[in-house]
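Everything below concerns the one structure shown next.
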Amino acid sequence: MTLPLIFSPEVAEAKRTGAPIVALESTIITHGMPYPQNLETARLVEQQVRDAGAVPATIALMDGQIHAGLTPEALEKLAQSNGAHKVSRADIAVCLAKGWTGATTVAATMICANLAGIDVFATGGIGGVHRGAEETFDISADLMELAQTSVTVVAAGAKAILDLPKTLETLETQGVPVLCYQSDDFPAFWSRSSGLPAPLRVDTASEIGQAHLLRGQLGLPGGQLVGNPIPETAEIPTETINPIIQAALSEAEAAGVSAKEVTPFLLGRIFELTDGKSLDANIALVLNNARLAAEIATSITALRE
Ligand code: PSU
3 MTLPLIFSPE VAEAKRTGAP IVALESTIIT HGMPYPQNLE TARLVEQQVR DAGAVPATIA
63 LMDGQIHAGL TPEALEKLAQ SNGAHKVSRA DIAVCLAKGW TGATTVAATM ICANLAGIDV
123 FATGGIGGVH RGAEETFDIS ADLMELAQTS VTVVAAGAKA ILDLPKTLET LETQGVPVLC
183 YQSDDFPAFW SRSSGLPAPL RVDTASEIGQ AHLLRGQLGL PGGQLVGNPI PETAEIPTET
243 INPIIQAALS EAEAAGVSAK EVTPFLLGRI FELTDGKSLD ANIALVLNNA RLAAEIATSI
303 TALRE
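For the sequence shown, position 115 (counting from the first letter as 1) is numbered 117 according to my numbering, and the numbering increases by one without interruption.
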């Protein structure tokens with residue numbers, strides 16, 4: 003039985019020529035944004051990666067195969083599918099065995115990117131320690147994945163619906179480097195600053211690429227989290243977004259939402275409560291992350307030569 007991993011023609015060609023590649027996740031498409039904005043954003047993000055000189059590899063599970071790179075038809079099918087499973091580390095193998103359509107979270111995308119030989123991955127915001135985790139134990143598998151899989155993940159921090167101080171503490175305990183790009187603060191997804199200091203500050207894509215390769219040489223397992231603040235023009239100030247997050251959290255609690263449903267529920271309610279402004283910000287920050295990820299992938303390719 004061979005590893006069920008297939009490349010789109012564009013990604014296969016990039017692998018053949020050694021061109022830089024950026025992995026992209028698919029849970030953001032199926033569970034993070036409504037249709038049709040999810041499809042439009044997925045296309046724009048792929049184009050942003052190309053414009054910045056790299057090749058996009060959107061990752062998803064379909065028909066028993068890990069797809070690294072989706073054809074335009076497959077991307078459209080995924081964006082319109084209502085029944086896609088949200089797949090993390092625990093679910094990948096069974097999802098493939100059953101031939102289900104699986105949208106990969108940050109954790110699962112890291113695993114697939116690593117198998118596909120892709121070093122860099124861009125997303126919106128990683129999962130983390132949920133508020134009230136001392137009661138619920140709800141901690142995203144994304145954090146443990148960063149501790150064990152060698153992929154550099156570019157995100158606008160962790161989603162601000164989370165307990166950010168506990169998320170940073172957990173990353174520190176797990177030995178995950180958190181590199182804040184051109185900022186002294188850890189970003190908070192829709193806002194440029196969480197008010198928490200950057201564990202590490204970096205100022206160039208090349209520094210990030212060098213650190214990625216050095217970790218390999220040092221024999222350190224695990225990846226890096228790059229915190230790239232949302233562009234100033236697109237940010238929603240914390241004073242505006244915080245009460246909305248609180249309202250959405252109260253509703254989630256009242257409705258008894260738990261486990262994998264929490265993040266999609268909160269993102270959906272915040273979208274409604276901000277009249278769509280949270281989605282505009284989310285799109286802007288993902289595009290910003292895609293550009294930086296392409297620059298990092300390009301620098302890693304050059305450093306390897
Ligand atoms: N970034 C976004 N929107 C999203 C996600 C990331 O801008 O919806 C997804 C990622 O796939 C991430 C997941 O892994 O949310 C976190 O889910 P959970 O909190 O259940 O681990």
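Ideal placement from N, C-alpha and C gives every residue a C-beta, glycine not left out.
For residue i, does the count of other Cβ atoms within 10 angstroms reach 16, so buried, or fall short, so exposed?
i, result
"Gln50", "buried"
"Gln226", "buried"
"Leu148", "buried"
"Leu222", "exposed"
"Ile84", "The identity of residue 84 in the sequence shown is Asn, whereas the question assumes Ile. Under this definition Asn84 is an exposed residue."
"Ala160", "buried"
"Gly134", "exposed"
"Pro36", "exposed"
"Lys262", "buried"
"Ser28", "buried"
"Gly71", "buried"
"Pro179", "buried"
"Pro239", "exposed"
Since I believe residue j is in contact with residue i (beta carbons under 8 Å), could you give me their beta-carbon distance rounded to a whole number of angstroms?
i, j, result
"Leu80", "Thr32", "7 Å"
"Asn40", "Ala158", "That belief does not hold up - the Cβ atoms of Asn40 and Ala158 are roughly 17 Å apart, past 8 Å."
"Thr151", "Gly224", "7 Å"
In the DSSP assignment, the beta strand (DSSP E) including residue i goes from what residue to what residue?
i, result
"Leu26", "Ile23 to Leu26"
"Ala95", "Taken as a continuous stretch (DSSP letters only), Ala95 belongs to no beta strand (DSSP E), being part of the alpha helix (DSSP H) at Ile94 to Lys100."
"Ala44", "It is not in any beta strand (DSSP E) - Ala44 instead sits in the alpha helix (DSSP H) that spans Gln39 to Asp53."
"Val180", "Val180 to Tyr183"
Where does the unbroken alpha helix (DSSP H) through residue i begin, and where does it stop?
i, result
"Val13", "Pro11 to Thr19"
Within the chosen definition, does the segment 53 to 69 reach the segment 8 to 24 through at least 3 CB pairs nearer than 8 Å?
yes
Of all the alpha helix (DSSP H) runs that stay within the bounds of the segment 198 to 284, which reach a length of 4 or more residues?
207 to 219, 240 to 256 and 264 to 275
Would you mind listing the alpha helix (DSSP H) stretches within the segment 136 to 165 that are 4+ residues and don't spill past its ends, in chain order?
143 to 150
So does the segment 13 to 23 actually touch the segment 249 to 266, counting three or more Cβ pairs closer than 8 Å?
no
Quick test of the definition: if touching needs 3 or more C-beta pairs under 8 Å, does the segment 119 to 137 touch the segment 21 to 38?
yes
Cβ contact check for the segment 209 to 220 and the segment 187 to 194: 3 or more pairs under 8 Å
no
Is it true that the segment 54 to 63 meets the segment 101 to 115, where meeting means three or more beta-carbon pairs spaced less than 8 Å apart?
yes
Please list the segments of the alpha helix (DSSP H) lying wholly inside the segment 64 to 122, counting only runs of 4 or more residues, in order along the chain.
74 to 82, 94 to 100 and 108 to 117
Would the segment 86 to 95 count as touching the segment 103 to 111 if we require 3 or more Cβ pairs under 8 Å?
yes
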